[in-house]
Amino acid sequence: MILSIRLAFRNLHNNKGRTILTLVGVVIGIMSIIVINSSGQAVKSYVLSEFESYGDDIIQIEPKVPSTSAVSSGNAAGQAMGIQITTLKESDAKELERLSNVKGYAYGTIGQEIVSYKGENKKALIFGVSANYPAIDSATKVSEGNFYTENEDRNLAQVVVIGKDIKDVLFGSDNAIGKNIRIKGMNFKVIGVAEERGAVTFVNYDEMIYMPARTLQKKVLGVDYIKFITVEVEDVGKIEATAAEIADTMKRLHKTYKPEQEDFLVMTMQEARKMIDDIFGTITILLLALTSISLVVGGVGIMNVMYVAVVERTFEIGLRKALGARSKNVLRQFLFEAVIITVMGGIVGVILGFLANLLLSYVFNLLGFELKLPLTLNSILLGVCFSAATGIIFGYYPALKASRLSPMEAMRKE
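In our numbering, the protein residues as written are 78 to 491.
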């Protein structure tokens, strides 16, 4: 076996140009697999980090396009095309609070407006939430000033808590507390600056403005519906039963007695995490399958190169077999050559994949997303195993053909 490996390395060294060209396809394929696998894991972890601020005692209720499932292309496409589901109301949240295992709730809606202060303008996402929202979402904190009160929310007070980036753009190093900013032609008093949070699930919380939910509804958007209700339960052990009870209550309130009529979805945090895990798992598999095409192309290249090598070395094969080499020795040597090429390509692909991960992490951080693409042991093993498998699969038939050559016929052809 050692002799076969030495001969394989010698033959590859004698044909450097051909070896390098054969490596390229494998390198690109393995590098792509490394980057896609790492990216999938990084983005999934990044998205799941959003749920860290919510405990396992949380149930989310959101609007849904009727006749579609909660997680479906129909629901996503419908909402992306601007279909507004306007049936979720504050009154729904108050009804849900009456359920036995419900500890509390928060609700809210979302808008986007230009905010200005002394000639400085900034487009901002406005998060209109009830005053108790920070009690539900532990990541929502105030570094300066205060969050608004239930009384301010009830009375449609024109007050806001601004994100750090909004504060930096509009006020610079000046104190923002007590100043008035303009939103849709109205004055809103800054009563707080949110603690720096960064971007999560591709939403930059530092560019967000918190406003009383009723104020955003009535004075800015002119709507009476909300976008979500977040329920906190007393006993996590009963969360599935509570979620079912919430669903039954919502069906009664919305008079949606058939599944195709339902205009809402109810989801626990465990279900949300599983949904995200399933989605990213499917996406990663599909992307890896597409990327594997480059490995197949590289494998076909290896097969062709090995066929050429067999033809060029026909006399050598015949001579070795005439001197006592067995078919399995010839098979092993040519197979080793194919595997060595692909494993070398795999190692180079892993190294380039690692460098690509570093570059992508740097770019994402520049864009404000704390996204790190790790090079895990699984990724390395995946790359090396894929490359070795490519060499074995595509190198086997040429190696088999070489091993079956008759010594007399091989030497006669030469």
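C-beta: ideal position from N, C-alpha, C; glycine also.
On a Cα-Cα basis, can you pick out the residue from Y473, G401, S464 and A476 that is closest to S109? S464
With DSSP run on the structure shown, which of helix, strand or coil describes N257? strand
Does the distance from the C-beta atom of S480 to that of L408 stay below 8 Å? yes
Hey, is V237 close to the ligand GTP, as in C-beta under 7 Å from one of its heavy atoms? Annotation note on the ligand GTP: not contained in the displayed structure, which lists no ligands.
I239 and A208 closer than 8 Å at C-beta: no
On the premise that D340 lies in contact with A290, defined as a C-beta separation below 8 Å, what is that separation, rounded to the nearest angstrom? Between D340 and A290 the Cβ distance is about 20 Å, and since that is not below 8 Å, they are no contact.
Measuring alpha carbon to alpha carbon, tell me which of G249, I138, G378 and V219 ends up nearest G422. G378
7 Å Cβ shell around N264 - same chain, five flanking residues per side excluded: Q235 and N257
Grouping DSSP H, G and I as helix and E and B as strand, with all else coil, what is I469? helix
Close beta carbons around L365, own chain, < 8 Å, minus the five adjacent residues each side: Cβ neighbours of L365 beyond the five flanking positions: I110, I113 and N114.
Tell me whether the beta-carbon of L372 lies closer than 8 Å to the beta-carbon of T467. Taking a C-beta distance under 8 Å as the contact criterion, L372 and T467 qualify as a contact pair.
Count the other CB atoms, across all protein chains shown, that sit within 10 Å of the CB of K199; report buried if there are 16 or more and exposed otherwise. buried
For F224, does the three-state DSSP call read helix, strand or coil? coil
Select from I136, G106, F471 and G262 the residue whose C-alpha is nearest the C-alpha of G376. F471
By DSSP's criteria, A271 is part of a beta bridge. Which residues make up the other side? In the DSSP assignment, A271 forms a beta bridge with V219.
Please confirm if the region 319 to 329 is in contact with the region 208 to 217, defined as three or more CB-CB distances below 8 Å between the two stretches. The region 319 to 329, when compared against the region 208 to 217, does not touch it at the 8 Å Cβ threshold.
Specify, as a first and last residue, the run of the beta strand (DSSP E) that Y194 falls within. V179 to Y194
Whole angstroms are fine: how far does the CA of I360 sit from the CA of L125? 16 Å
Could you please give me the residues that DSSP links to F341 through a beta bridge? F341 is bridged to P140.
G401 - DSSP class collapsed to helix/strand/coil: coil
Proximity winner among E139, F357 and G275, relative to K218 (alpha-carbon distances): Closest option to K218, Cα to Cα, is G275.
Look at M50 and G205 and say whether their C-beta atoms are less than 8 Å apart. Any answer about residue 50 is impossible in this case: the structure gives the chain only from 78 up to 491.
Segments of 4+ residues assigned as alpha helix (DSSP H) that fall wholly inside the region 301 to 371: Contiguous alpha helix (DSSP H) elements confined to the region 301 to 371 occur at 316 to 331, taking only those with 4 or more residues.
Backbone CA spacing between L247 and V192 [nearest angstrom]: 9 Å
Could you name the residues that DSSP lists as bridge partners for G205? T186 and M288
Taking the alpha carbon of P451 as the reference point, which residue from G117, V104 and V103 has its own alpha carbon closest? G117
Own chain, CB closer than 7 Å to R397, minus 5 neighbours either side, in chain order: V407
Inter-residue spacing [alpha-carbon to alpha-carbon] between A253 and V440: Pairing A253 with V440, the inter-Cα distance amounts to about 31 Å.
Could you tell me the distance, in whole angstroms, from the CA atom of S404 to the CA atom of I424? 30 Å
Let's test the definition: count the other Cβ atoms within 10 Å of the Cβ of N223 and tell me whether it reaches 16, buried, or not, exposed. exposed
Which residues in the same chain as G188 place their Cβ atom closer than 7 Å to its Cβ, once the five residues preceding and following it in sequence are excluded? I203, G205, L293, V297 and L298
State yes or no: is the C-beta of I306 within less than 8 Å of the C-beta of A415? no
Return the residue from the list A119, V104, V101 and V103 that minimises the CA-CA distance to F357. Of all alpha-carbon atoms in A119, V104, V101 and V103, the one lying nearest the alpha-carbon of F357 is that of A119.
In angstroms with no decimal places, state the Cα-to-Cα distance between V427 and L342. 42 Å
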